[in-house]
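Numbered continuously in full-length UniProt numbering, the sequence shown closes out at residue 81.
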Amino acid sequence: MPRSTVGPQALGAKIQDDANTDPPSVKEELVCALLQELDPYKSMGPGKIQPRVLRELADVIARPLSMIFEKLWRLRDIPED
1 MPRSTVGPQA LGAKIQDDAN TDPPSVKEEL VCALLQELDP YKSMGPGKIQ PRVLRELADV
61 IARPLSMIFE KLWRLRDIPE D
């Protein structure tokens with residue numbers, strides 16, 4: 001079974017890093033796409049939210065999550081998990 005590309009490494013690899021942009025922007029569309037790739041049958045992560053719920057609400061939560069990711073990136077406070 002192939003591993004999903006969803007995770008901190010995938011997000012870091014897919015963030016649009018432009019030389020003129022500091023910090024790199026985290027696109028809402030990217031966050032939505034990554035959420036929709038989640039396997040609904042996996043167990044909960046550190047946030048204690050079922051992947052099925054995240055996947056079903058991807059269109060609703062993608063914008064707030066992208067804003068949170070960008071703010072954390074600007075503050076250089078990236079959680080390990």
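Note that the Cβ used here is the ideal one computed from N, Cα and C, for glycine as well. The model shown is predicted, which means the values in this text are computed figures rather than measured ones.
- The three-state secondary structure of Ser43, taken from DSSP, is coil.
- Taking a C-beta distance under 7 Å as the contact criterion, Ala58 and Leu75 do not qualify as a contact pair.
- Short of 7 Å from the beta carbon of Arg55, and not among the five residues preceding or following it, lie these beta carbons of its own chain, in chain order: Leu35, Gln36, Leu38, Pro40.
- Spanning the alpha carbons of Ile49 and Ile61 requires a straight line of approximately 13 Å.
- At the C-beta level, Glu70 and Val26 come within 7 Å of one another.
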